[in-house]
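Working notes for the structure below.
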Amino acid sequence: MDIFEKLEILSDAAKYDASCSSSGSTRKNTNNGIGNGHVSGICHSWGADGRCISLLKILFTNACIYDCKYCINRRSNDVRRATFTPREVADLTINFYKRNYIEGLFLSSAVIKTPDYTMELLVKTVTILRKEYNFNGYIHCKTIPGCSQELIDKLRKVS
Ligand code: SF4
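For what it's worth, my numbering labels the leading residue of the sequence shown as -16, then goes sequentially.
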């Protein structure tokens, strides 16, 4: 599966994460129109100064080990599954940033293998962005319920 197919699946899966200010709506272009809207992919948040900032909104994976009845990503649901690598998420973020598509990253995830295993991957993603690519833009990274305090502290330090 190529990275754009993963992006399609994991940006769509992220639209159900309602903890951001807007998830957008779908609006098709017309013959004489300019632009269109899409329900997933880029969302918005607000900085302390009131400025609106655009964020690449994705899940790291939607291949969840759990089966929460209300959730689209639940194990028993028949949906397409995908999982990024930390490098793929970091590369997408930095390249979209350089093209001025986004100003930051909103990263959440389902749970693969264990909460700690998943959290390690999220920490690695943020570490690549902050330490290797020197990305100083906005990052909203969810913590995985049940992961160790040590990993939360690691995320806080690198963020
Ligand atoms: S753990 Fe999270 S992603 Fe997984 S099924 Fe439950 S709510 Fe969905």
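Glycine is no exception: its CB is placed at the ideal position from the N, C-alpha and C atoms. Since we're looking at a predicted model, the values are computed, not measured.
{"Query": "Using a Cβ-Cβ cut-off of 7 Å (strictly less than) and excluding sequence neighbours within five positions of V109, which residues of its own chain qualify?", "Result": "I122, C124, L138, V141, S142"}
{"Query": "Since A143 and L42 are thought to touch, with beta carbons under 8 Å apart, how far apart are those beta carbons, to the nearest angstrom?", "Result": "Limits of the chain in this structure are -16 at one end and 142 at the other, which puts residue 143 out of reach."}
{"Query": "What whole-angstrom Cβ distance do K(-11) and F67 have, given they're in contact under 8 Å?", "Result": "6 Å"}
{"Query": "At which residue ranges does the stretch 31 to 97 contain complete alpha helix (DSSP H) runs of 4 or more residues, listed in the order of the chain?", "Result": "69 to 81"}
{"Query": "Do E86 and I36 have their CB atoms nearer than 9 Å?", "Result": "yes"}
{"Query": "Taking the C-alpha atoms as reference points, what is the distance between K59 and K96?", "Result": "According to the sequence as given, residue 59 is Ser; it is not Lys. Rounded to whole angstroms, S59 to K96 spans 16 Å at the Cα level."}
{"Query": "Looking at the secondary structure, which residues open and close the beta strand (DSSP E) in which S28 lies?", "Result": "25 to 29"}
{"Query": "Would F(-13) be called buried (16 or more neighbouring beta carbons within 10 Å of its own) or exposed?", "Result": "exposed"}
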